[in-house]
Every structure is written in C-alpha cells, then in structure tokens.
Amino acid sequence: MSTLIKDNKLTEDPFTRIGVDDAIPAQGAVLVPLATWQDHREKLLRRGEPVGVWLKSDEHPEIIAGDVNHLQLIALEFPTFRDGRGYSYARLVRERYGFEGELRAVGDVLLEQLHYMGRVGFNAFEVDSEDALAELEIAARDFSVWYQPSADGRASSAQLRTELKRHG
Amino acid sequence: MAQVLIANRLSDGLVVFLAADGAWVESIAAGVLIDDDRAAGELLDQGLADADNNLVIDPILINVTVRDGTRTPDAIREAIRAAGPTVSVET
Amino acid sequence: MYRYDEFDQQLVNERAEQFRRQVRRRMNGELTEDQFKPLRLMNGLYLQLHAYMLRVNVPYGCLSARQLRQLAHIARKYDKGYGHFTTRQNIQYNWIRLEDAADILTDLAAVGMNAMQSSGNCVRNVTADHYAGRARDELQDPRVWCELLRQYSILNPEFSYLPRKFKIAVTGAPKDRAAVALHDIGLRMYLNEGGEPGFEVIVGGGQGRTPVIGKTIREWIEPEHVISYVEAILRIYNLYGRRDNIYKARIKILVNALGIDKYRELVEAEWLQIRDGVLKIAPEELARIDAYFQPPAYEQLADQDTEPSQLHDADPAFAAWLQSNVAEHKVVGYAIVNVSLKSPGKIPGDLSAQKMDALADLADQYSFGELRVSHRQNLVLVDVKQSDLHALWQALGALDLATPNIGLASDIIACPGLDFCALANTRSIPVAQDIALHFANSTKLQHVGDLTINISGCMNACGHHHVGNIGILGVDKRGQEFFQLTLGGSSDEHASLGDRVGPGLPQSEVPGAIERIVDTYLEIRDGKDECFLNTYRRCGMEVFRTAVYGPAGPARRVTATRQVA
C-alpha cells in the first residue's frame, strides 16, 4: 500500500494521476506525464487548478525548467532504488531552476534513502509501507551533521566550524 | 549424482550444510547427502524456506563426489568453500 | 595527519549506530537480503566465500601508530588475528560475523576510522601517493586536498547511487606512485610557470574487464576549484552513465562513448554554473585542514652517506635493503622506509595482529608514530632518521618485514582470489607464493632489478594485472584454473596496458614461464640500467612469446591443474 508523506506528515494525495492516454478532467488537481504537459500545456494552465508533472528517470527536468513557476508539484521517478539520477535532478530543480513547490520522490523509494532525498531537496515521498511515518522519523534521526552543503539549506560541518570559530 | 545443500549462515557468514534434522551444520560430512531429483527438490525448498526465515543466505545444491567416505564438491569454488582456503594464513 | 574533530566524530558515531539498527532489522527479518545488501556494502561489509569480509578505509593511505594498534585489536577480537592490506590502501578482515560488524565500526570510530563507502556504487576511499608530503621529488603535498575530497564524498547525498563505483587518486609528484591514470578521476599536482600549485585532471581511467588509460579533461585547475570540478564530473556521470549493464556502467565507458571532447564540453558547461558557489574552497577551511598536515618536529641533520656501494662490503644484506626498500626523504638526514609485506611464501599484504602491534611500536620509536599503506600492499614508515636505519632494519628483520624486494620481482600484487573471494575464477595467492619463492634469492632479485608482477584471480582485475610489467590473469577453463600472461603494463606516469602473450598456462607451468621471460630479459637487456619494462618496449613481444611457448608457438594443450587438496 503506497503512502504519501509530505513535509513530515501523512498526507492524502490531492493530485489525480493522469496517464498519457487519459482525458484531462474538468476539475481537480492533476499529476500528468511529461508528454501530456508538453501537448496540453495551455489547456492545463487555463484550468486554474494545481498541476504537477511526473518525470521518468530518463527525462531531464531541464525540459520544464522554464515552467516551474506554473507547477505546484514535480514528481521524480526512481524506477529502482539503485537509479540515482533523481538525486541530481532534485538538486537542479531546487537550486538551479528555483522550484519551490512540492518535490516528490516516487517509485522504488526505500526508507534508508529518505535522508539523502531530503538533503537534495525532496519534501514528499511516496513509499510502500505500513508505518511510513515511524520509519521516516527513524531515518530523520540518523544524522545530525553533514559534510556537504546541499539543497535542504542545512549547514555543512565546514560552515558550522566557521560559525563556531566566529562565536566561540 | 550425489548432492548436498550449501549456504552461508546469516549471523556469521560461515559456510553451512543442511543436515537431516533440519539444522545447519559446519561440516560437509554432517550434511544430508542425496542422490535423486525429488529429494534434491525437497532439500532445496527447505533451504529456501530457511533463507526466507533469515537463517541462511543463498542456499544452493552442489554436486559432490564421495571417495573413501570423504565428500568433495566437484567445482573448485565449492571445494574451497567446504574445506577453507588452500593457503595457510598468518596468525 | 588529519584528526577527527567533534563533527567528524559525531558523524562516524551516528553512522555506526545507523548500521547497528540496520543489522538488527536484517537479523529480525524486517529487511530482506536484497534490501540489506546495498546497506552493508556501503559500510564495507561483503559476504565472501567463507564469511563476511569487512573493508576498512585507510584515508589516502595515512595511518597512525594508534590506529594500527586498534586494527590489531580488531583482528584479535573479531577476526582470526590478522588483516590483509589491499591495493586501494585499505585493510580487509576476512572472518567477520554480521553480529559483530556494528561493534567494529564503533571501535574504528574511537580512533577516527570508518568503513563508509569502501564498497557500493559511490565515491570510494580517495587514494594517494604513499610518500605524499615526504618524497624528495614531490612538488606539492596533496593530502590537504585528499582530505577535502574525503569529506566532500562521505555520505554525499547526490552521489551515493552512482551507476557504478567511483575511484579518485591524487599525486603531487612527477613520479606517479598513485596510478592516477587508472582511476575514474586522477589528479596530478604540479606547479605552473608562476610557481603556483594546481591540478591536471584525468578522467575515465580504470582496470577491470575493460582497461582504459585515463584522458586529460583539463590541463590546469586552481586548487580552490578542485571540488567543484569533481562535482561537475560526478554530476554528468550520474546523469548520463549507463545503468542498463553493470559491465558498461563505469565512467570510462561513458567517456569513450561520448569522446573526451564531448564529455569535457558537458563538464565545463556544468562547472561554469557551480564554480564560484559553495564548493569553492574557503581559505579558512583550507588553513584549518592544512594545519593537520604540518611536518613533525624534524631535527636539523646532515645527509648521511647511505650509498649502498659504500656499505656493501661491510654488510651486503643491509645494503640490498637500503637500495630497494629505502626512498629519499625531502628533509635532509631523514629517509622513507618501506616495510615489505611480501616475504616469499607468505600471503601478499597479510599482517598478523602481533606484527601490527610491533610495527606500531617501531613507528612510535622511529617515525613520529606515522605510517602509510602503499597500493602495492606494503606499509611505509615515512620519517626515519638515516642514522636509525640500521637499527630499524634489524628490528624489521626480526619480524620478517625486511625482505629487500620493494619494486622487485617478489614484491607481487595479488588479489585474494578464489581462496577467499566470491567473484574469483581462480586462486591467485598460491601463484604469487610460487613465483616469490622462485625469486627468494636476494642476489638474483637485485640482479633482475625493477619488475612488477601483478596477479588477478578474475577479470575484475583487483590484482592490477593489466598494469603489471608481467601481468597474470586467472581464467576458468571448463572448471580448471589457467593463467594468462601479459607483458608491458605499467601504472606510473607513462602508464600502459599489458599485451597478452598467448593462451593460458596451468599453475604448475607459471613460475617456469616467468623464469624464461626473466632470463630472456637478462640476455637481451641493453645493460644493467635498462629495466624489464624498457627492454620489452624496445624489443617487443615476439622474443618473449618464444621464451614462453617455444619457437613452434602455443600448442593446443590439455593439462590438468593441481587438484584442490
């Protein structure tokens, strides 16, 4: 059973997922594949409802870099947990394209990866789990220091050391 | 063809063989030796169930030759697994 | 040496606790083996033929006496009383229990060590010249940048699920002892015309089943940009490296497929976006780390005359050791001492806990408590007073750690092979032992001179056979072990891949074939100063092929290998 966690809370998904061949419903938030977005961009924007785009792991988000301000959700798919392209995409979406909406990890998403995903900018995860929230809590507690600056805005250990020196 | 079921134990990784009483033992001599397909299938099923139960990893049937009462796996790899490294280590 | 501060310490402590939880989840069935495997690999824990194996990082080969004592303690408490030093400057324990693994990580953390990312599809332990900071020929000590790269790569959230493993090597000397052209990224420091240090960046080198010499992606980069440039290389690889076939997933395949020019174009475009961002190395951070690598309190000494010729008559064994095992130190009056873990007949790279302790004591007594691990699977005492050399030689000799063979024919690199490794096709240790015993006579060894023999028990090439002057690759032919020879490989600043001599030989014929190759070299070399590699490069394969297979060439053969006892 797949569960959606957003901003550390269990969430009912307000987006209806639309397949490539599905008709776009008149009302309601929709999550569409890239092809649908490209073919029906104007129509989707005219609806005045929230829109999300679902990108497969070989679809570089650069394609929608200019559109991110029109989107409420970007879902990046992990076809297997071993496919790490989504981590780079996430950083680009957040840091380079400036997307501030919901960035959701979908597909083969493992508990053990959530802290990495959080660090590169995901704030929502679709996971297969009975007790996803408890698992997220465990994963979130794993680390309190990081070497790298990343998309979550948390200070790296080098930055913390500099702070410490300045004030310490 | 004579066969035994070999695996690595989850807790310590050591090489083990499935014995007649369902236990996993470290000596190839104490494992079950079977020589027909049906028995082989049953033995493998039992091993796979123990893998699912997190007792062992990767149980497989291997062919062995019995000579003067000693069981030696036919493949070099399995023979080394069963008997340990062929070189003596520094202690 | 770098020492963990509170942040480093907290991170390794938390990592050990995270792994403790993951092991518990595996043991009680919450994680399947498929789910657990990548997690244990990211902590250096493999399942090999006989037990779990733990690979512990020795960051860029630097090790303190205190850490070596802890490695000895781990060997005694959790293993069978020994450890194995590897070609990636790491140490492996062969007999580890899953139940003990988290405790070992905690024990390692107590001395500022870890096993993070010593396996898995991530950035592995950064390796370096084992003489870094000490060699007389060095232009720039690279260790501060190695440490910055270490910190950058550990638990990097973006690059922990790369298409395949990723290895970075660094050198600051013109003589390449770190094999930088055979790594995913090789960094070669040199000084520009203004005397400022910077890096040449080499990309896409590697061994394995598709050996490739790396290509220069950038002739020059300032040190402050080295992390951002590495990030650009990693990001392009992470996005475009193949993921459909693990044998085609290394960066070398991508670089070859795109061509170095296209790859460079992508990397440069990416780098322009990030070069002046947060990864630019801040002077205060550089200074903080650099402070750890300040030289120890050397005495003001004069160079002693340690020319072997002067000492030869008085003590030929000592002279032989000085010639092969001692290297020039950048500080006058000091020397670099290689500790050979290649006593003929022993397992290359293995060291008992008892000898680790003894060596730690010698490091404290003679070398400011600091050691190195070399990629040829030996240890190094980096700061020895020349006046102490004789006493140290005797002490090492008493431990059987003074075989005078560094860089010579019995200083053989060998992977663990089928005696331990789950991937191997053939054994490699017994082959190494046979050959080394063949060259046990030190006079003959010195007479032959520089010659590297590298043995891998399968095409994954952990024994670096592609770059051995003589390479030996174990292959399985219908259940039997055979060994293919290659000639002409080298991992130095003029790196080259070995050429195959011919069909594989059974193990029993390998030492004889090596002997005939060496005898041929001795016959045709252009004087004593022409090493084996140069003779091969001058004369080519044919004369050596004839030496191995006879004038009629390789015959079809059906010979059984030695039976497993």
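Chains Y, Z and P, in that order, are what the protein sequence lines are.
Position 57 of the first sequence, counting from 1, maps to 56 under numbering that gives the first Met the number 0, and the rest follow consecutively.
Position 66 of the second sequence, counting from 1, maps to 65 under numbering that gives the first Met the number 0, and the rest follow consecutively.
Position 75 of the third sequence, counting from 1, maps to 74 under numbering that gives the first Met the number 0, and the rest follow consecutively.
Don't be surprised by glycine CBs; every beta carbon is placed ideally from N, CA and C.
Ranking P:Leu-285, P:Ala-512, P:Arg-19, P:Asn-93 by CA distance to the CA of Val-143 (chain P) puts P:Leu-285 first.
DSSP, read as helix, strand or coil, puts Asn-124 (chain P) in coil.
Identification of residues in the stretch 135 to 146 of chain Y having a C-beta nearer than 8 Å to some C-beta of chain P yields Ile-137, Asp-141, Phe-142, Ser-143, Val-144, Trp-145, Tyr-146, given in sequence order.
The distance from the Cβ of Pro-403 (chain P) to that of Ala-319 (chain P) is about 4 Å, consistent with a contact at the 8 Å cut-off. With a beta-carbon spacing of about 6 Å, Phe-80 (chain Y) and Gln-112 (chain Y) fall inside the 8 Å limit used to define contacts.
In this chain, the beta strand (DSSP E) harbouring Lys-384 (chain P) covers 378 to 384. The stretch 80 to 124 of chain Y contains, as complete beta strand (DSSP E) runs of 3+ residues, the segments 101 to 106 (chain order). If one requires a minimum length of 4 residues, the alpha helix (DSSP H) runs lying completely within the stretch 87 to 112 of chain P are 97 to 108, in chain order. For Phe-317 (chain P), the enclosing alpha helix (DSSP H) starts and ends at 315 to 324. DSSP places Tyr-236 (chain P) in the uninterrupted alpha helix (DSSP H) bounded by 225 to 239. Shown here for Glu-218 (chain P): same chain residues with a beta carbon closer than 7 Å to its own, the five before and five after excluded, namely Glu-199 in chain order. The stretch 460 to 487 of chain P is shown to contain whole beta strand (DSSP E) runs of 3 or more residues at 469 to 476, 479 to 486, in chain order. Around the beta carbon of Thr-534 (chain P), 16 or more other beta carbons sit within 10 angstroms, so the residue counts as buried.
Close CB contacts of Asn-468 (chain P) within its chain, under the 6 Å cut and outside five residues either way in sequence, are with Leu-450, Thr-451, Phe-531, Leu-532 (chain order). Under the three-state reduction of DSSP, Ser-152 (chain P) is assigned to helix. For the 8 Å CB-CB criterion, Tyr-86 (chain Y) and Tyr-160 (chain P) form a contact. Pairing Ile-454 (chain P) with Ala-413 (chain P) gives a Cβ-Cβ distance under 8 Å. Annotation for His-69 (chain Y): Leu-44, Val-50 place their beta carbon closer than 8 Å to its own, counting only its chain and skipping 5 residues before and after. In the structure shown, Leu-43 (chain Z) falls within a helical segment according to DSSP collapsed to helix, strand and coil.
Between Glu-369 (chain P) and Ala-362 (chain P), the gap from beta carbon to beta carbon is short of 8 Å.
Between Ile-280 (chain P) and Glu-223 (chain P), the gap from beta carbon to beta carbon is short of 8 Å. At least one beta carbon of chain P lies nearer than 8 Å to the beta carbon of Tyr-115 (chain Y).
For Ser-117 (chain P), there is no enclosing alpha helix (DSSP H), since its DSSP letter is neither H nor E. Note on Lys-345 (chain P): 16 or more other CB atoms within 10 angstroms of its CB, so buried under the neighbour-count rule.
Taking the Cα of Ala-157 (chain Y) as reference, the smallest distance to any Cα among P:Ala-326, P:Glu-5, P:Asn-12 is reached at P:Glu-5. Following the DSSP letters along the chain, one finds Leu-388 (chain P) inside the alpha helix (DSSP H) bounded by residues 388 to 397. Contact check for Gln-376 (chain P) against Gly-332 (chain P) fails: the beta carbons are separated by 8 Å or more. In this structure, Val-379 (chain P) lies near Asn-337 (chain P), with their beta-carbon atoms less than 8 Å apart. The way I'd put it, the stretch 95 to 115 of chain P doesn't touch the stretch 178 to 186 of chain P; fewer than three beta-carbon pairs between them come closer than 8 Å. The CB of Gln-17 (chain P) comes closer than 8 Å to the CB of Asp-141, Phe-142 in chain Y, given here in chain order. The straight-line gap separating the alpha-carbon atoms of Leu-109 (chain Y) and Val-126 (chain Y) is approximately 7 Å. The Cβ of Tyr-246 (chain P) sits no closer than 8 Å to any Cβ of chain Y. Distance check between Tyr-45 (chain P) and each of Z:Gln-2, Z:Pro-84, Z:Asp-11, Z:Gly-68 places Z:Asp-11 closest, using alpha-carbon atoms only. Two segments are said to touch when three or more pairs of C-beta atoms, one from each, lie closer than 8 Å; by this definition the stretch 43 to 59 of chain P touches the stretch 117 to 127 of chain P. Each residue's CA atom was taken as its position, placing Ala-108 (chain P) and Met-41 (chain P) some 16 Å apart.
By the Cβ-count criterion, Tyr-92 (chain P) is buried, with 16 or more other Cβ atoms from all chains shown falling within 10 Å of its own Cβ.
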